[in-house]
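Read in order, the letters of the sequence shown correspond to residues 1 to 129 in full-length UniProt numbering.
Even glycine gets a Cβ: it sits at the ideal position worked out from N, Cα and C.
Quick notes on the structure that follows.
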Amino acid sequence: MSTTNEPPALYVRKVRGMGRGVFAGRAYRAGEVIEECPVVRIPTHPKGPGGKALEHYVFEWDAGTGELAIALGYGSLYNHSPEPNARFKPRMSRNDIVFRALRDIQEGEQIFVDYRWDAAEYEQFHGGS
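This is the structure in structure tokens:
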């Protein structure tokens, strides 16, 4: 068991108007992997992905079937920005999502991804919050 006092590579804290957000505990270079998150796949269901509690945390996994996925690790906690500093790529064959820096990210900076929602979808989930 390690007893070093090194800060974590990633950490979560509250962000006004956004709930929780993921922050860099160290600097990341453009192109560097930030996190690889295993996913839990959620089969389609006629009533949706399990109610309102999960709608802010799921990724579209298979557009053809409507299957969704919840990313473990910090994966479902990255906040959206139309000008992200990171991107994500689902790897269906491995059942995971890889988050990678789009540009250099400084220690303490919040990590944002583009959810790839259109404006109406984004407003539906975040318009009143």
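Residue range of the unbroken beta strand (DSSP E) whose run includes residue i
| i | result |
| --- | --- |
| P7 | Unbroken run through P7: none, as it is neither H nor E. |
Short Cβ contact (8 Å threshold) for residue i with residue j
| i | j | result |
| --- | --- | --- |
| G31 | Y11 | no |
| Y28 | H80 | no |
| F112 | I34 | no |
| G75 | I97 | yes |
Reference residue i, options the options, closest by Cα
| i | options | result |
| --- | --- | --- |
| residue 145 | V58, R29, L102 | Residue 145 is absent from the structure shown; the chain starts at 1 and stops at 129. |
| N95 | R41, Q106, F88 | R41 |
| residue 157 | P8, C37, I97, P43 | This structure cannot settle anything about residue 157, because the visible part of the chain is limited to 1 through 129. |
| P90 | E83, N79, P84, I70 | I70 |
| E36 | F88, S93, Q110 | F88 |
| H56 | R103, M18, A63 | M18 |
| A63 | R13, M92, E6, R103 | M92 |
| G73 | V15, R16, V22 | V22 |
Cα-Cα separation, residue i to residue j
| i | j | result |
| --- | --- | --- |
| V39 | W61 | 9 Å |
| A101 | N85 | 6 Å |
| P8 | E109 | 13 Å |
| R13 | N5 | 19 Å |
| R103 | P82 | 14 Å |
| R16 | E107 | 20 Å |
Sheet register partners of residue i (DSSP bridge)
| i | result |
| --- | --- |
| Q110 | F23 |
| A86 | A101 |
| N79 | F112 |
| L68 | I42, E60 |
| R94 | Answer is none; R94 lacks a bridge partner. |
| E35 | F99 |
| Y28 | I105 |
Cβ-heavy atom distance, residue i to the ligand FMN, below 7 Å
| i | result |
| --- | --- |
| F88 | Although the ligand FMN was asked about, the structure shown includes no ligands whatsoever. |
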